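**Q**
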Amino acid sequence: MKLLTKKVRIGNIYIGGGEDIKIQSMTNTKTKDVEATVEQILRLESLGCEIVRVAVPDLDSAKAISRIKSRIHIPIVADIHFDYKLALEAIYNGADKIRINPGNIGDEKKVQKIAKEAKRYGIAIRVGANSGSLPKDILQKYKSPSPDAIVEAAIYQVRLLERFEFDNIVVSVKSSDVLTTIKSYEILSQKLSYPLHVGLTEAGTFIAGTVKSSIAIGYLLLRGIGDTIRVSLTDEPEKEVIVAKEILKSLKLRKGVKIVSCPTCARCNVDLLKIADEVEKRIQNLDLDISVAIMGCAVNGPGEAKEADVGVACGVGEGLLFKKGKIIRKVRENEIVDELVKEIYSFS
1 MKLLTKKVRI
11 GNIYIGGGED
21 IKIQSMTNTK
31 TKDVEATVEQ
41 ILRLESLGCE
51 IVRVAVPDLD
61 SAKAISRIKS
71 RIHIPIVADI
81 HFDYKLALEA
91 IYNGADKIRI
101 NPGNIGDEKK
111 VQKIAKEAKR
121 YGIAIRVGAN
131 SGSLPKDILQ
141 KYKSPSPDAI
151 VEAAIYQVRL
161 LERFEFDNIV
171 VSVKSSDVLT
181 TIKSYEILSQ
191 KLSYPLHVGL
201 TEAGTFIAGT
211 VKSSIAIGYL
221 LLRGIGDTIR
231 VSLTDEPEKE
241 VIVAKEILKS
251 LKLRKGVKIV
261 SCPTCARCNV
271 DLLKIADEVE
281 KRIQNLDLDI
291 SVAIMGCAVN
301 GPGEAKEADV
311 GVACGVGEGL
321 LFKKGKIIRK
331 VRENEIVDEL
341 VKEIYSFS
């Protein structure tokens with residue numbers, strides 16, 4: 001059962017308070033390169049990204065937010081480190097949310113100024129505590145970036161914002177370690193009722209990052225913890241969105257076509273990898289709650305295909321198409337993708 005958190009508005013959407021879990025990503029373009037950044041965000045949107053974060057390392061990047069925002073359709077979050085003035089400039093240029101790091105944003109007066117302007121403009125602040133950038137006093141106290149240390153850093157910043165009469169807050173407590181991340185969010189979820197942005201930080205390259213993120217995010221979501229997610233990868237951000245969607249679909253938290261396909265063996269007589277990849281690409285944005293089986297031989301193929309809403313069981317250079325458990329026709333190998341996709345779209 002999902003933990004009920006406070007509902008917070010981020011631009012034109014809400015998170016927390018029973019809302020659907022939102023998918024977030026972060027651009028890897030230079031934010032001040034407006035054209036490149038907008039192009040990437042639009043690609044992310046097309047894949048299902050619902051909140052996008054941009055780094056704001058300098059004044060030009062902060063000022064670019066207004067031009068970027070006018071050309072995209074999802075909320076934009078300004079990622080701020082070290083210089084509170086960049087947070088203020090991002091607010092003035094239309095950021096829908098500000099992310100600050102308690103380990104490097106500066107003293108209380110600087111946080112107060114950010115809170116005052118965020119409240120005046122009606123935007124949210126995410127307190128994003130990371131294991132790699134904790135305040136020195138907390139690191140000295142705990143001797144390591146333990147879950148308790150990460151959570152304490154986040155809660156200190158939250159209480160500070162509350163003291164400044166600001167409560168439009170989202171919180172995250174990330175580590176690059178799966179178990180540390182899980183424990184941190186478990187502790188935090190018992191102490192605060194603000195919506196939680198869930199993910200690992202610096203999760204790694206595509207395969208390692210996907211595995212680690214799927215374990216940590218999936219486990220937490222099954223425990224009812226998490227209101228937004230980001231799969232952090234050392235790869236193109238488009239892949240982050242695709243993996244995030246698959247995590248949600250696997251947990252039945254998001255509609256979407258679910259593909260079942262076999263790993264192939266010596267019994268397979270078609271290029272199943274090519275077929276499965278092509279089908280996946282052509283239906284990845286389809287919002288249908290159906291299952292598709294793409295099977296390579298007669299061992300499990302017919303059974304799996306019959307269990308799915310639609311599927312194919314392949315033979316020698318051909319395949320049998322199934323729909324709702326019944327064979328509908330035989331097709332040649334070079335027709336399998338087109339014919340299977342056609343049947344998938346017939347459910348829309």
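Okay, so the sequence shown: first residue is 1 according to the working numbering, each after it adds one.
Glycine residues also receive a C-beta, built at the ideal position from the N, C-alpha and C atoms.
Computed from a predicted structure; not experimentally measured.
1. Distance, Cα to Cα, Ala64 vs Asn93?
2. Less than 6 Å between C-beta atoms, sequence neighbours within five positions excluded: which residues of the same chain meet that for Ile41?
3. Under three-state DSSP, which class holds Arg159?
4. Start and end of the beta strand (DSSP E) containing Ile283?
5. Contact between the stretch 184-200 and the stretch 223-234 is defined here as three or more beta-carbon pairs at a separation below 8 Å; is this criterion met?
6. Where does Asn355 land, buried or exposed, given buried means 16+ other C-beta within 10 angstroms?
7. Flag this pair as yes or no: are the beta carbons of Ile311 and Met295 separated by less than 8 Å?
8. Applying the 10 Å Cβ sphere with the 16-neighbour rule, what's the burial state of Arg120?
9. Excluding sequence positions up to five away, which residues of its chain have a Cβ less than 8 Å from the Cβ of Leu352?
10. When DSSP labels each residue in this structure, what does Ser214 get in the three-state scheme?
11. Within 10 Å of its beta-carbon, does Gly114 have 16 or more other beta-carbons around it, so buried, or fewer, so exposed?
12. Cα separation between Ser291 and Lys249?
13. Which runs of the alpha helix (DSSP H) fall wholly inside the stretch 47-76 and span at least 4 residues, in chain order?
14. Taking contact to mean at least 3 C-beta pairs separated by less than 8 Å, is the stretch 166-186 in contact with the stretch 135-142?
15. Does the beta carbon of Ala95 come closer than 8 Å to any beta carbon on chain C?
16. Work out the CA separation of Gly103 and Ala78 for me, nearest whole Å.
17. Measuring only the C-alpha atoms, how far is Ala90 from Gly122?
18. What would DSSP say about Ala308, mapped onto helix, strand or coil?
19. Do Val8 and Ala124 have their beta-carbon atoms positioned less than 8 Å apart in this structure?
20. Anyone know if the C-beta pair for Val127 and Val171 falls short of 8 Å?
21. How is Phe206 classed by DSSP in three states: helix, strand or coil?
22. So, are the CB atoms of Leu220 and Ile182 less than 8 Å apart?
23. What are the uninterrupted segments assigned as alpha helix (DSSP H) that are 4 or more residues long and contained completely in the stretch 174-207, given in chain order?
24. How far does the beta strand (DSSP E) with Val243 in it extend, from its first residue to its last?
25. Which one or two residues does DSSP pair with Tyr14 in a beta bridge?
26. What would DSSP say about Ser133, mapped onto helix, strand or coil?
27. Return the CA-CA distance between Ala305 and Phe206, expressed in angstroms with no decimal places.
28. With C-beta atoms as the reference, is Ile10 less than 8 Å away from Leu253?
29. Which one of Leu272, Ile74, Ala129 has the shortest CA to CA distance from Thr201?
30. Since I believe Ser25 is in contact with Leu44 (beta carbons under 8 Å), could you give me their beta-carbon distance rounded to a whole number of angstroms?
31. What does Cys314 pair with, by DSSP beta-bridge criteria?
32. Can you tell me the Cα-Cα spacing of Ser146 and Gly132, whole angstroms?
33. What first and last residue would you give for the alpha helix (DSSP H) that runs through Arg120?
34. Give me the residue from Asp137, Asn269, Val341 with the minimum Cα distance to Lys281.
**A** Inspection of the coordinates gives the following:
1. Near 8 Å, if we compare the C-alpha coordinates of Asn93 and Ala64.
2. Val52, Ile72
3. helix
4. No beta strand (DSSP E) holds Ile283; the alpha helix (DSSP H) holding it covers 272-283.
5. yes
6. Nothing can be reported for residue 355: it is not among the residues displayed for the chain, which extend from 1 to 348.
7. Looking at the sequence shown, residue 311 is not Ile but Gly. Yes, the pair counts as a contact, with Cβ atoms nearer than the cut-off.
8. exposed
9. The displayed coordinates of the chain run from 1 to 348. Any statement about residue 352 would go beyond what the structure contains.
10. helix
11. This sequence places Ile at residue 114; Gly is not what is there. Buried, by the Cβ-count rule.
12. 11 Å
13. 59-69
14. no
15. Checking the listed chains, one finds no chain C in this structure; it contains a single protein chain.
16. 17 Å
17. 13 Å
18. coil
19. yes
20. In this structure, Val171 lies closer than 8 Å to Val127 by Cβ.
21. helix
22. Cβ distance < 8 Å, so Leu220 and Ile182 count as in contact.
23. 178-191
24. Not the beta strand (DSSP E): Val243 falls in the alpha helix (DSSP H), residues 237-250.
25. DSSP, once it has assigned bridges, lists Arg9 as partnering Tyr14.
26. helix
27. 30 Å
28. no
29. Closest in C-alpha terms to Thr201, from the list Leu272, Ile74, Ala129, comes Ala129.
30. 5 Å
31. Gly319
32. 11 Å
33. 108-121
34. Val341
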